[in-house]
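**Student:** Once you've had a glance at the structure underneath, I'll fire off some questions.
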Amino acid sequence: MKKNIILCGVGGQGILTISKIIVIAAMKEGLQFKQAEVHGMSQRGGSVYAHLHLSDKKIFSPIIPIGEADLVLSMEPLEALRHAHFLAKKGSLVSASGKLPNIQYDELAVLAEIKRLKGALVDSRALAENAGSLLSENMVLLGASAGALGLKESNLEEAIKEAFSSKKEIAETNLKAFGLGLKG
Amino acid sequence: MKEVVLGDEALALGAVHAGISAAFAYPGTPSTEITEFLIRHREKFGIHTEWCSNEKTAFEAALGVSFAGKRALVSMKHVGLNVAMDAFVNAAVSGIKGGLVVAVADDPGMHSSQNEQDSRYLAEFAKIFTFEPCNAQEAYDMALQAFDLSEKLGIPVMIRLVTRLSHVRESIQTGKQRGQNALDTEMRLRDWVLLPGNARNQFQKLLEKQPLLLKESEKSKFNESKKGKGKKCVVCAGNAFNYFMEATGGSLPYFKVSTYPLPESKIRKFCASFKEILVLEEGYPYIEEKMLSIVRCKERKITGKMSGLIQMAGELNPESVKKALGIKVLEPVKVKISLAQRPPQFCAGCPHADLYRALNEAKGSSQIMVFGDIGCYTLGALPPFTAISSCICMGSSVNLARGASIAGAAPSVGVIGDSTFVHGGMPALVEAAKHNNNMKLLILDNSTVAMTGGQETMVKGDAMVELIAGLGVPRAHIKIIEPLPARHEENVKILKEEFAYAGVSVIISRRLCIQSLKKGFR
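Quick note, the sequences are listed as chains H and A, same order.
FYI, this note's numbering numbers position 124 of the first sequence as 124, with every residue one higher than the one before it.
FYI, this note's numbering numbers position 327 of the second sequence as 511, with every residue one higher than the one before it.
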């Protein structure tokens, strides 16, 4: 078992929370993990990403090689394309369909390009709103990507509960968001 | 115990378990998380931890702890070591008492830095011992050992990190916290008073320690190798080892360097049967250069950055290492449209943006030279503001403006954050006040070390006014403005008035960092 996962988006979108939950779930399945994160300058509204490796064997590289990501999960369409070159031939591309308007770009062209690459576009904003909070958008996308992760849904759900253990209401909202993403 | 930590945090935890009594630092990516972690847990650990004014004062505080017999950690980013250089080099000459470890995080690829200098050269320059971990576990294990070695050798020991290691999160195995050293107030005058007579003796002692350093490096279990047959072998260090293992699974014979000075005899022995040696390392070609004198080169080829096989600038990645090894790089998915860049930018509601709007209007079309400094406000160099024209090193804006003013570009303007001003700008302002140079210093006081994630600053509120007055700036020309859209006209007027005055002025643009405000600071 080896999964290379790229999580990307814009600083402040909750990418590290997604990865934290994946890591908790992976550890429940006895997997090792290694994650490269971005700290510092780019966190100010710039592109951010995390490279997350899960494996039942020792992991060396902090960075995923080009063409070897099993999943690129993006909180923002333009950022999905910025990391698309990491995708493996059979890798999955899952992206939020909503643009983050802190820069100008041709949204339609970007969405069309994601479709051309057979990426899944998720209206995560609407689903998060249904779940009860826009802040749960990352959990919608986690749900939408669950199939590509190769982890048990029940472990991911347990992980969400653990990650938000101090705030029960928030945990409920996030579980709901995860479920909505899962159903698609 | 198993713990999930960042590389930086693993090093910090290793230092705690090695029995440190204190840790000092100035924030700087990618080293910041070492001290953030220690501050978060300082009560549990029972240690003293603090952010200092700059890396030099941080180093000196750590050395003071060491002179009093206790163990101390000082951490910084690579360019911070330049600031600490005077204390750093001389501490090796004076020697230490309690274990003193210097954690330096290099930033190859310049993710958040002005250069990609390689700290291994500076450790060699100071003639001290260095560890280079390749993962968080090693960062922890090496920190534990570094303190023992520092006391054994009587010199500071460096641990060199790089961005990809500082910011890698993984699970590590940890042990127990060792007790702290007892206070020892014995004063070693002949060691520490570096008057020429003593300094000559001390430097001689440092030279005589060098074979001991080499011996420690030769026997270190962190230097590992995998023997094998064939023509070709790899000599690698730190994170480069990870890419090598990822690409080959360790199928080639390799020697992994983890300590400096290089374990020369071990390397020489390992390389004896190989005709081609590929050197993989993050940063400058430090090992590659040394290899030329370690192994006989007539009969063999050494490749790496100096040979041109690997690009000199920037960090390594899986692809550059694969290429160097002659392994095919996978064909990437092609994105057929061009992608807009998303550079870092000011947060919505950032006080710096309002200040730059006022500054640009006050300046108008005049040819006033404006020099910037290091912090979030450096982003004011980018459109739509394009308001500052330099970012050289911490505190430089003050004397760049003063120098330009002396050259005839008067008035000239320096733009600096409150924390950066305290870090490195104050001595230059004393000069400007003494000579009453026609320059204006804008202190962007957001009461936060913002770019590195919102650490606490040294001088807050009206204390900043008193500080500046104390440095000699006339109170009539210390102005305070609040950078807010509603105060724009008023701020422009004040700036214009000060631009028209032919002497030194300081304008404090004071409003709390928007991120700190959200976090409910103060």
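Backbone N, C-alpha and C define an ideal beta-carbon position, used for all residues, glycine too.
Owing to the predicted nature of the structure, the values given are computational and were not obtained by experimental measurement.
Evaluate S166(H) with the Cβ neighbour count: other Cβ atoms within 10 Å of its Cβ, from every protein chain shown; 16 or more gives buried, anything less gives exposed.
**Tutor:** exposed
**Student:** Using a C-beta to C-beta distance shorter than 7 Å, which residues of chain A count as neighbours of E68(H)?
**Tutor:** L514
**Student:** I'd like the ranges of any alpha helix (DSSP H) spanning at least 4 consecutive residues and lying wholly in the stretch 483–527 of chain A.
**Tutor:** 502–509
**Student:** Going by DSSP, what residue range makes up the beta strand (DSSP E) through Q329(A)?
**Tutor:** In the DSSP annotation of this structure, Q329(A) is not part of any beta strand (DSSP E); the continuous alpha helix (DSSP H) holding it starts and ends at A320 to L337.
**Student:** At the 8 Å Cβ level, is L345(A) part of the contact set with chain H, yes or no?
**Tutor:** no
**Student:** Output the distance between the C-alpha atoms of A91(H) and G637(A), rounded to the nearest integer angstrom.
**Tutor:** According to the sequence provided, residue 91(H) is Gly. The question's Ala does not apply to it. Those two C-alpha atoms are separated by around 34 Å.
**Student:** Would you call I511(A) buried or exposed, if buried means 16 or more other Cβ atoms sit within 10 Å of its Cβ?
**Tutor:** Exposed, because fewer than 16 other Cβ atoms sit within 10 Å of the Cβ of I511(A).
**Student:** Interface residues of chain H around P527(A) at Cβ under 8 Å?
**Tutor:** G46
**Student:** Looking only at its chain, what residues have a beta carbon closer than 6 Å to the beta carbon of F605(A), apart from the 5 residues adjacent to it on each side?
**Tutor:** I627
**Student:** What residue ranges within the stretch 261–303 of chain A form continuous alpha helix (DSSP H) runs of no fewer than 4 residues, ordered along the chain?
**Tutor:** Entirely contained in the stretch 261–303 of chain A, the alpha helix (DSSP H) runs reaching 4 residues are, in chain order, 262–267 and 269–278.
**Student:** What separation, rounded to the nearest whole angstrom, lies between the Cα atoms of L108(H) and V23(H)?
**Tutor:** Between L108(H) and V23(H), the C-alpha separation is close to 34 Å.
**Student:** Check whether the Cβ of K99(H) lies closer than 8 Å to any Cβ atom in chain A.
**Tutor:** no
**Student:** For P292(A) and N319(A), I'd like the C-alpha separation in whole angstroms.
**Tutor:** Spanning the two alpha carbons is a distance of roughly 16 Å.
**Student:** Thinking C-beta only, is T314(A) closer than 8 Å to Y210(A)?
**Tutor:** no
**Student:** DSSP three-state label for K410(A), please.
**Tutor:** strand
**Student:** Counting only Cβ-Cβ distances shorter than 7 Å, please list the residues of the stretch 47–62 of chain H near chain A, keeping chain order.
**Tutor:** Of all residues in the stretch 47–62 of chain H, the ones placed with a Cβ closer than 7 Å to any Cβ belonging to chain A are S47, F60, S61 and P62, in chain order.
**Student:** Distance check for D70(H) and R706(A), CA to CA, integer angstroms please.
**Tutor:** Residue confidence is low: R706(A) scores 47 on pLDDT, short of 50, so the model does not pin down where it sits. Its coordinate-derived value is still stated next. Inter-residue distance for R706(A) and D70(H) is about 45 Å (C-alpha atoms, whole angstroms).
**Student:** Give me the Cβ distance between I6(H) and V48(H), rounded to the nearest whole Å; I'm assuming they're in contact under 8 Å.
**Tutor:** Rounded, the Cβ-Cβ distance is 11 Å, inconsistent with contact.
**Student:** Give a yes or no on whether 8 Å exceeds the smallest Cβ distance from Q13(H) to chain A.
**Tutor:** Not one chain A Cβ lies under 8 Å of Q13(H).
**Student:** Per DSSP, which one or two residues make a beta bridge with F313(A)?
**Tutor:** F313(A) pairs with V341(A).
**Student:** Can you list the residues of chain A that N190(H) reaches, using a CB-CB cut of under 7 Å?
**Tutor:** Here chain H covers residues 1 to 184 and nothing more, so residue 190(H) does not appear.
**Student:** With respect to the alpha helix (DSSP H) encompassing F164(H), which residues constitute its N-terminal and C-terminal limits?
**Tutor:** Element bounds for F164(H): n/a, residue is neither H nor E.
**Student:** On the three-state DSSP scale, how would you describe R706(A)?
**Tutor:** Interpretation of R706(A) is limited by its pLDDT of 47, a score under 50 that renders its predicted location unreliable; the figure taken from the coordinates is listed afterwards. Coil at R706(A), not helix or strand.
**Student:** My guess is that R125(H) and L134(H) are in contact by the Cβ rule of under 8 Å, so how many angstroms apart are they, rounded?
**Tutor:** 7 Å
**Student:** Using a beta-carbon distance below 8 Å, is F33(H) in contact with chain A?
**Tutor:** Under the Cβ criterion of 8 Å, F33(H) is counted among the residues facing chain A.
**Student:** Fully enclosed by the stretch 640–690 of chain A, which alpha helix (DSSP H) runs are 4 residues long or longer?
**Tutor:** The alpha helix (DSSP H) runs of length 4 or more contained entirely in the stretch 640–690 of chain A are, from start to end of the chain, 646–654 and 672–684.
**Student:** In chain H, which residues lie with their C-beta within 8 Å of the C-beta of R348(A)?
**Tutor:** A36, P62 and I63
**Student:** Suppose contacts are defined by Cβ-Cβ distances below 8 Å. Is A256(A) in contact with G282(A) by that definition?
**Tutor:** yes
**Student:** Going residue by residue through the stretch 518–587 of chain A, where are the continuous alpha helix (DSSP H) segments of at least 4 residues, counting only ones entirely within it?
**Tutor:** 535–547
**Student:** Please confirm whether V707(A) and A196(A) have their CB atoms less than 8 Å apart.
**Tutor:** Outside the displayed span of chain A (185 to 706) sits residue 707(A), for which this structure offers no information.
**Student:** Using the C-alpha atoms, what's the distance from P527(A) back to S401(A)?
**Tutor:** 43 Å
**Student:** Hey, could you find the ends of the alpha helix (DSSP H) I15(H) is sitting in?
**Tutor:** I15 to K28
**Student:** Based on the DSSP output, what are the partners of C417(A) in its beta bridges?
**Tutor:** Paired residue(s): I461(A).
**Student:** So what does F229(A) bridge to, in DSSP terms?
**Tutor:** None, per the DSSP bridge assignment.
**Student:** Using a beta-carbon distance below 8 Å, is A120(H) in contact with chain A?
**Tutor:** no
**Student:** Residues in the same chain with beta-carbon distance under 8 Å from L464(A), minus the five sequence neighbours each way, listed in chain order, please.
**Tutor:** Once the five neighbours on either side are set aside, the close Cβ partners of L464(A) are V418, V419, C420, A421, A424, F425, Y427, F428, G488, I494, L500, V505 and A508.
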